[in-house]
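Okay, structure first, notes after.
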Amino acid sequence: GEDVEQSLFLSVREGDSSVINCTYTDSSSTYLYWYKQEPGAGLQLLTYIFSNMDMKQDQRLTVLLNKKDKHLSLRIADTQTGDSAIYFCAEVLPGTYKYIFGTGTRLKVLA
Amino acid sequence: NAGVTQTPKFQVLKTGQSMTLQCAQDMNHNSMYWYRQDPGMGLRLIYYSASEGTTDKGEVPNGYNVSRLNKREFSLRLESAAPSQTSVYFCASTRSSGGLSQETQYFGPGTRLLVL
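Protein chains in written order, with the working numbering: chain A, 26 to 136; chain B, 2 to 117.
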């Protein structure tokens with residue numbers, strides 16, 4: 026079935042790296058996404074990766090994709106208090122308009 | 002551009018009451034979506050509309066109806082609200098393409114609904 030799994034919570038100290046993990050189910054997904062949700066707001070796209078890539082780097086963000094294990098991760102370098110939010114991974118099923126979101130990981134950054 | 006707007010921001014209903022959540026986008030997007038967000042369950046798709054004039058059920062459509070009034074607007078109606086529908090509701094839109102190219106979903110700020 027369609028299911029995208031994430032751990033619910035992560036706590037890190039300011040300045041450390043954060044790694045948020047996600048396991049998705051549909052190996053035919055062409056694009057995988059990371060969204061950020063700040064308190065009281067909607068989701069905003071952080072970054073995405075195409076399925077033929079293993080890694081994508083965008084400033085402090087690094088996305089790693091392991092297609093064999095259907096595992097996606099988001100690394101945030103030098104984590105700041107402003108990074109505290111809920112992070113969602115998502116896949117979109119090709120040929121459909123359905124985006125499947127994970128449960129979200131709440132990142133708490135301790136000063 | 003305002004992006005995706007939703008009204009109201011907050012609403013309290015009694016069990017059995019009805020209401021319509023409004024959503025509009027000004028980006029000329031073809032596809033629009035309604036999600037609900039519950040703690041520990043992430044976002045669940047209620048309904049989506051791939052284009053003007055079409056609507057399809059998502060993962061949790063029971064108790065809801067939708068209407069794609071025109072290309073800009075996609076409303077969600079609760080005919081007889083139940084406490085299980087207490088949630089945060091998000092509307093989203095994408096340009097189109099059905100997952101065949103990189104597409105960002107743009108989200109509204111959400112409607113917080115409490116059903117007593």
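Note that CB positions come from ideal geometry on N, CA and C, so glycine has one too.
Do the region 12-23 of chain B and the region 87-100 of chain A meet, that is, are 3 or more Cβ pairs less than 8 Å apart? no
Quick one: does B/Gln18 have its CB under 8 Å from some CB of chain A? Under the Cβ distance rule, B/Gln18 does not count among the residues neighbouring chain A, no pair being separated by less than 8 Å.
Between the region 103-135 of chain A and chain B, which residues of the former have CB atoms less than 7 Å from a CB of the latter, in chain order? Phe113, Val117, Leu118, Pro119, Gly120, Thr121, Tyr122, Lys123, Tyr124, Phe126, Gly127, Thr128 and Gly129
Among B/Tyr90, B/Gln26 and B/Arg37, nearest to B/Glu74 - alpha-carbon criterion: Of B/Tyr90, B/Gln26 and B/Arg37, the residue nearest in Cα terms is B/Gln26.
Within its chain, find whatever has a CB closer than 6 Å to the CB of A/Phe34; leave out the 5 residues flanking it on each side and keep chain order. Arg131
Pop quiz: A/Gly9 and B/Gly43 are said to be a contact at Cβ under 8 Å. What is the actual Cβ separation, rounded to whole angstroms? Missing from the structure shown is residue 9 of chain A; chain A here goes from 26 to 136 and no further.
Could you give the DSSP three-state label for A/Asp108: helix, strand or coil? helix
Listed in chain order, which residues of the region 62-77 of chain A have Cβ atoms closer than 9 Å to some Cβ of chain B? Gln62, Gly65, Ala66, Gly67, Leu68, Gln69, Leu70, Tyr73 and Phe75
Which residues of chain A have a Cβ atom closer than 7 Å to the Cβ of B/Ser32, listed in chain order? Chain A residues near B/Ser32: Tyr122.
Beta-carbon of A/Leu57 versus every beta-carbon of chain B: anything under 8 Å? no
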